[in-house]
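Worksheet for the structure shown next.
Residue numbers (the numbering used here): 1 to 109.
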């Protein structure tokens, strides 16, 4: 050994290594915090995607129900219209029958 290491040099090296270890620990802590934030963001995005998918399914179901209700409403509206037309046809037939009866009575048939 040409150059023996002195106690002072060893102490300086130890301090240098401790400060480097502390710097690396702080860097690890910062990186771990950033990773935690990213994981949280990814979880929120995943939750949002799942919620969006549920919303889309619910909207499809609502559309189906709305279409069914629209068909039922149209049937109900048509049914009332058909009843009105039938009633008017019966009234028209009765009036025409009465007029024809009066005409035939006047003619003597």
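The beta-carbon is built from N, C-alpha and C at its ideal position, and this holds for glycine as well.
Could you have a look at residue 5 and say whether DSSP puts it in helix, strand or coil?
Reduced to three states, the DSSP call for residue 5 is coil.
Rounded to the nearest angstrom, what separates residue 95 and residue 103 at their Cα positions?
Using only the alpha carbons, I get a separation of about 12 Å.
Report the rounded CA-to-CA distance for residue 26 versus residue 35, giving the unit in angstroms.
Cα-Cα distance, rounded: 14 Å.
Excluding the 5 residues preceding and the 5 following residue 9 in the sequence, name in chain order all residues of the same chain whose CB lies nearer than 6 Å to its CB.
Nothing meets the Cβ criterion.
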